[in-house]
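Since the structure comes first, as structure tokens, the remarks are kept for the end.
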Ligand code: SAH
Ligand code: F3S
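This is how it looks when you write it as structure tokens:
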């Protein structure tokens, strides 16, 4: 987004916490605001309207929002700025936000964004307590006006909300029931994104593979992937998050059949112990999960696999934790996002005893992260000497380095030029760390055939 103030125009600043879904929601909110004549600015100091798009998945994330709001109270006079709280904390705390942070005048949960234009009308007419918190919205928050931040990769929500109710998770309470977008609308939007110059599409959903086509053609999720991948001009398609309960082999068949579908699957396991998986309400066993991993490994291309893990869930024993560590080795993940369990209000496990002490959670997390670091290092080192196509996503002027991403979602740094940003280039890997690779470009300054620049 550009910082482009013109005299007299109202300005806004959005700060985003949390997941890709939140990042994309902020892009949509920015689109609605820009269509009303608001201009984006780079910091809250210059903004007339400040929006916090919040995350409440763990307690720390939720606390951060209130500490930020606290600093504003000291900084700005009452009424100097219009301050809004969006997203999961807004949904969860609701009206109480006005009590805890009286400088806030807009509170809108993520399931109510379709009402944002109407809510903004009320804010603009000076209403000091505007609220949108309904969860029973039928429509998804669709807007043609999305102000996308990344010029190459477009996020596109295909399913909103979640009905799963994993015992630890607030998302069903903060994002409402699951609703899928019709395939024709999704495919139209993909074609429009190609016309705008995007070459990579990332399909989003809390359980993206539980997408269920409301359109009469009733495409399956795997068929949708194929249709998106076939759109001329699309070079990469990613999708996240897949839930193991709904993972089907036709997803792998689609990846085999369509080169544009990326060599990457994010399949959160949460834990390696069947007893804990059952208490979490995940609806699969370790054995069923490993069967899915075998299916992914049987693909014609090497697909990189990432996961989410929670340590220290209620009742997790030392033995349960050992089983999670063993699972890391069994699968050989390329990336793991790991978290200490944080009890959340209104969840199934919210009333259970948080039995693993904080220090033990921290210890388990450190052990797990160190084990995974070694696994990743070993896996990345196998790439040395091989050549991959990367999309150049950034440039670090200080190091004169281009930052590229492989289809398997690995970052490769290589000596390059600013003009290469946005190009697809072939890069040979020369060194590997646990989190990224180093390489050298094989075709200086050239984009590979068919690349859109
Ligand atoms: N819809 C996705 C992601 C949900 S939130 C899915 O189905 O996996 C992202 C991750 O945050 C989860 O996968 C989980 O690992 C973690 N998480 C969710 N609730 C948590 C909690 N209460 N404490 C710690 N981690 C949590
Ligand atoms: Fe949360 Fe489980 Fe849904 S992790 S988002 S309730 S699948």
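Numbering (this note's numbering), first residue to last: 293 to 745. Note that CB positions come from ideal geometry on N, CA and C, so glycine has one too. Treat the numbers as computed from the prediction; the structure is a model and nothing was measured.
query	result
Leaving out five residues before and five after residue 506 in sequence, what residues of the same chain have Cβ atoms less than 7 angstroms from its Cβ?	472 and 474
Strictly by DSSP, which residues pair up with residue 346?	379
Taking all protein chains shown into account, do 16 or more other C-beta atoms lie within 10 angstroms of the C-beta of residue 388, making it buried, or fewer, making it exposed?	exposed
Using CA coordinates, which residue listed in 546, 532 and 493 is at the minimum distance from residue 559?	532
How many Å lie between residue 478 and residue 497 at the Cα?	13 angstroms
If you follow the alpha helix (DSSP H) that residue 570 is in, where does it begin and where does it stop?	566-572
Which parts of the segment 528-611 are runs of the beta strand (DSSP E), unbroken and 3 residues or longer, counting only runs that do not cross its ends?	528-532, 556-558 and 596-603
Which residues mark the beginning and the end of the alpha helix (DSSP H) in which residue 361 is found?	351-367
Are there 16 or more other CB atoms within 10 angstroms of the CB of residue 731, so buried, or fewer, so exposed?	buried
On a Cα-Cα basis, can you pick out the residue from 329, 349, 396 and 373 that is closest to residue 358?	396
Within its chain, find whatever has a CB closer than 8 angstroms to the CB of residue 297; leave out the 5 residues flanking it on each side and keep chain order.	The pLDDT assigned to residue 297 is 46, lower than 50, so where the model puts this residue is not dependable; a value taken from the coordinates is nonetheless given after this. For residue 297, where only same-chain residues beyond five positions count, the Cβ hits under 8 angstroms are 303, 331, 333 and 338.
Grab me the residues of residue 637's own chain with a C-beta within less than 8 angstroms of its C-beta, minus the 5 sequence neighbours each way, in chain order.	384 and 462
So is the beta-carbon of residue 575 under 7 angstroms away from any non-hydrogen atom of the ligand F3S?	no
In the structure shown, what three-state DSSP assignment does residue 715 receive?	coil
With burial defined as no fewer than 16 other Cβ atoms inside 10 Å of the residue's Cβ, what is the status of residue 487: buried or exposed?	exposed
Please classify residue 694: does DSSP put it in a helix, a strand, or coil?	strand
Are at least three pairs of beta-carbons, each pair with one atom in the segment 507-526 and one in the segment 537-551, less than 8 angstroms apart?	yes
Residue 513: which of 491, 540 and 522 sits nearest, CA to CA?	540
Of the residues 347, 648 and 598, which one's Cα is nearest the Cα of residue 621?	598
Find out if the Cβ-Cβ distance for the pair residue 564, residue 615 is shorter than 8 angstroms.	yes
Cβ-heavy atom distance between residue 628 and the ligand F3S below 7 angstroms?	no
Output the boundary residues of the beta strand (DSSP E) element that contains residue 419.	Run containing residue 419: none; DSSP gives neither H nor E here.
In chain order, which beta strand (DSSP E) runs of at least 3 residues are fully inside the segment 419-504?	422-424, 445-452 and 492-497
Please return the same chain residues whose Cβ sits closer than 8 angstroms to the Cβ of residue 315, not counting the five positions on each side in sequence.	308, 441 and 447
Looking only at its own chain, which residues have a Cβ that is under 6 angstroms from the Cβ of residue 535, when we skip the five neighbours before and after it?	499
Can you name, in chain order, every residue of its own chain whose Cβ lies under 6 angstroms from the Cβ of residue 631, other than the five neighbours on each side?	602
Using 7 angstroms as the cut-off, classify the Cβ of residue 463 as near or not near the heavy atoms of the ligand F3S, replying yes or no.	yes
Of the choices 466, 374 and 373, whose alpha-carbon is the least far from that of residue 405?	466
CB-CB under 7 angstroms to residue 555, same chain, minus the five flanking residues each way: which ones, in chain order?	593, 594, 595, 596, 699 and 700
My guess is that residue 335 and residue 368 are in contact by the Cβ rule of under 8 angstroms, so how many angstroms apart are they, rounded?	So it is not a contact: roughly 13 angstroms between Cβ atoms.
With distances taken between CB atoms, is the gap from residue 677 to residue 693 smaller than 8 angstroms?	no
Compute the Euclidean distance between the alpha carbons of residue 444 and residue 645, then round it to the nearest angstrom.	46 angstroms
What is the C-beta distance between residue 346 and residue 378, in whole angstroms, given that I count them as a contact (C-beta under 8 angstroms)?	7 angstroms
Using 8 angstroms for Cβ pairs, my map puts residue 734 next to residue 704. What's the rounded Cβ distance?	Actually they do not touch by this definition, with Cβ atoms about 12 angstroms apart.
Name the DSSP bridge partner or partners of residue 729?	704 and 724
Residues in its own chain within less than 8 angstroms of residue 617 by CB, not counting five upstream and five downstream?	564, 659, 660 and 663
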